[in-house]
């Protein structure tokens with residue numbers, strides 16, 4: 048899937064897509080492979096993501112890996128050890144705008160930075176931090192889910208709850224994957 052990874056510099060990998068497209072599962076898979084290769088890995092998640100607990104990244108199908116929850120992006124720089132080779136960050140779209148600079152600094156410092164997050168909100172509008180990271184990343188993976196209405200490839204997260212907040216943390220209780228045809232942007 049990827050060309051040979053360089054060993055003398057850092058880089059950024061972005062895994063993006065809609066809800067239920069397997070972003071966290073793919074992030075965990077890549078981090079576990081790095082661990083198998085005996086590379087030191089540190090994993091971070093936004094403290095906003097409390098769906099399945101705060102001490103682990105947990106995918107919707109319950110695949111998990113230990114992580115540290117942080118409130119602000121700048122905390123990550125303070126927590127990353129010098130000998131860490133790979134830094135994983137989930138729910139990158141939940142972070143403040145500083146996450147872009149944090150990822151850049153880590154990559155310039157020789158770290159492999161693997162982030163996962165939504166590329167669009169429930170209205171179909173891009174998340175700015177994800178969009179910026181997509182432009183800066185060396186490797187980009189866009190995952191698709193399966194539309195819950197018609198079974199087509201799904202690129203959107205349809206909000207089912209009445210919340211109008213841009214970020215409303217939830218899972219199948221509040222969202223479902225939808226294709227372009229079935230997606231109803233901003234429907235409440």
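Residue numbers (our numbering): 48 to 235. Every residue, glycine too, gets a C-beta built ideally from N, C-alpha and C. Because the structure is a prediction, the values reported are computed rather than measured.
First through last residue of the beta strand (DSSP E) which encompasses residue i
i           : result
residue 188 : 186-190
residue 104 : 103-105
Residue i at chain B interface by Cβ criterion, 8 angstroms
i          : result
residue 87 : Among the chains of the structure shown, chain B does not appear; only one protein chain is present.
First through last residue of the alpha helix (DSSP H) which encompasses residue i
i           : result
residue 148 : 146-155
residue 138 : Where residue 138 is concerned, there is no enclosing alpha helix (DSSP H), given that its DSSP letter is neither H nor E.
residue 179 : 175-183
residue 73  : 70-83
CB of residue i within 8 angstroms of CB of residue j, strictly
i           : j           : result
residue 176 : residue 147 : yes
residue 78  : residue 161 : yes
residue 149 : residue 120 : yes
residue 199 : residue 228 : yes
residue 132 : residue 86  : yes
residue 207 : residue 64  : no
residue 153 : residue 57  : yes
residue 91  : residue 62  : no
residue 201 : residue 193 : yes
residue 70  : residue 164 : yes
DSSP beta-bridge partners of residue i
i           : result
residue 200 : 193
residue 93  : 117
residue 222 : 206
residue 165 : 64
residue 132 : DSSP output for residue 132 lists no bridge partner at all.
residue 159 : 58, 133
Cβ shell of residue i (< 7 angstroms), same chain only, five flanking positions each side left out
i           : result
residue 230 : 171, 203, 205
residue 110 : 72, 75
residue 157 : 56, 57
residue 232 : 170, 171
With 16 other Cβ atoms within 10 Å as the buried cut-off, status of residue i
i           : result
residue 101 : exposed
residue 66  : buried
residue 220 : exposed
residue 112 : buried
residue 125 : exposed
residue 209 : exposed
8 angstroms CB neighbourhood of residue i in its chain, flanking five on each side removed
i           : result
residue 129 : none
residue 197 : 226, 228, 229
residue 183 : 59, 147, 150, 151
residue 96  : 116, 137, 138, 141, 216
Cβ-based neighbour list, residue i, same chain, cut-off 6 angstroms, excluding 5 preceding and 5 following
i           : result
residue 195 : 223, 224
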